[in-house]
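Take a look at the structure below.
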Amino acid sequence: MDKKRISQIKEQFDLVIQNDDTANIEFWYARQLMPLLGYERWENFDKAISRAIESCETSGIEVTDHFREVTKMIETGKGAHRSVKDYMLTRYACYLIAQNGDPKKEEIAFAQSYFAIQTRKQELIEERIAFIERTEARGRLRESEKRLSQNIYERGVDDAGFGRIRSRGDQALFGGNTTQDMKHRLGVKENRPLADFLPTLTIAAKNLATEMTNYNVEEKDLMGESAITGEHVQNNLSVRDMLGKRGIKPEELPPSEDIKKLERRVKSQEKKLAEQAGRLPETR
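Quick note on our numbering: the sequence shown kicks off at -17 and runs consecutively.
Here it is in structure tokens:
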């Protein structure tokens, strides 16, 4: 998500902030938040709120401090009014709702960061969104490599063979640099996966090559280490060629921060979030 789009979405979220001066707290109304999170029907959003409430209970946090059911009057046409259910939500409640949403929606990815960052400074939101995108890419690579491991095991290749295939793929992607060469180049410890230190673009490139290999191994029913190695090498060379046409050499991209370290920092932020969000006033 680019900076301009982040700025546009941030403005929309900022506009619906509510303030209670007596309780010194910011909160949001669920029905105003619903369209900003990409929901069209209240019934579906209400279910997401229920899941968030369950998460709050599971964490041992007092639900009523962060979720407060209220009744609103809305105009239905020709001057008629009817009451509808709504919720007052603290920043922590909004964060839990975003956590229970679909991370593929850019509104949800933005909201997870917007409500997690106490100051809501745009540069911090951008940083956290970049982390979410990187962890999502890392997860997809992990899954595609797991699938490749299963595929080749069914075709007569053991774990050691899988390691060799993956290493040859890296060598093709990184312009002749082996996995060990890249670890040395990026300062990665021997016992850590290289992918935990790669930028999002490189992780996505490795994933694309691995998915191509999975597809062709299954479609062509490739058998044995030699055939699958040739396929994986060719796919990594193809991805490298595509990047090269845009002036990108994967081996020259700088490393990113250790993804495990980032995850610990995010977890620490989340633990403090409920306390920082404050408590809803008893009555309003």
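Just so it is clear, CB atoms sit at the ideal spot from N, CA and C, and this is done for glycine as well.
These figures come from a predicted structure and were not determined experimentally.
Three-state class that DSSP yields for residue 104 in the structure shown: In the structure shown, the three-state DSSP call for residue 104 is helix.
Inter-residue spacing [alpha-carbon to alpha-carbon] between residue 44 and residue 2: If you draw a straight line from the Cα of residue 44 to the Cα of residue 2, it is about 19 Å long.
Of the residues 261, 262 and 255, the one placed nearest residue 94, counting alpha carbons only: For residue 94, the closest C-alpha among the options 261, 262 and 255 is that of 255.
Three-way DSSP call (helix, strand, coil) for residue 67 in this model: Residue 67 carries a strand assignment under DSSP once its states are collapsed to helix, strand and coil.
Distance between beta carbons of residue 155 and residue 191, contact taken as under 8 Å: About 7 Å separates the beta carbon of residue 191 from that of residue 155, a gap short enough to meet the 8 Å contact definition.
Residue 50 in three-state terms, based on DSSP: Strand at residue 50.
Best match in -9, 116, 210 and 42 for proximity to residue 245 [C-alpha to C-alpha]: Of the listed residues, the one whose Cα sits closest to residue 245 is 116.
C-alpha distance - residue 105 paired with residue 32, whole-angstrom precision: Within the model, the alpha-carbon separation for residue 105 versus residue 32 is close to 31 Å.
Residue 91 versus residue 77 - alpha carbon distance: Cα to Cα, the separation comes out at about 11 Å.
Close-in-space but distant-in-sequence residues of the same chain around residue 118 (CB under 8 Å, 5 per side omitted): Excluding residues within five positions, the ones whose Cβ falls inside 8 Å are 85.
Nearest neighbour of residue 96, chosen from 120, 48, 206 and -10 [CA to CA]: Across the set 120, 48, 206 and -10, the C-alpha of -10 shows the shortest separation from the C-alpha of residue 96.
Meets three-Cβ-pair contact criterion under 8 Å: the region 6 to 20 and the region 206 to 225: The region 6 to 20 vs the region 206 to 225: no contact.
Where residue 217 falls: helix, strand or coil (DSSP): Residue 217: helix per DSSP, three-state reduction.
For residue 113 and residue 145, the rounded distance between their alpha carbons: If you take the alpha carbons of residue 145 and residue 113, they lie about 27 Å apart.
Beta-carbon proximity check, residue 37 vs residue 53, cutoff 8 Å: When the beta-carbon positions are compared, residue 37 and residue 53 stay at least 8 Å from each other.
Three-state secondary structure assigned by DSSP to residue 62: Residue state for residue 62 is assigned as strand, using DSSP reduced to three classes.
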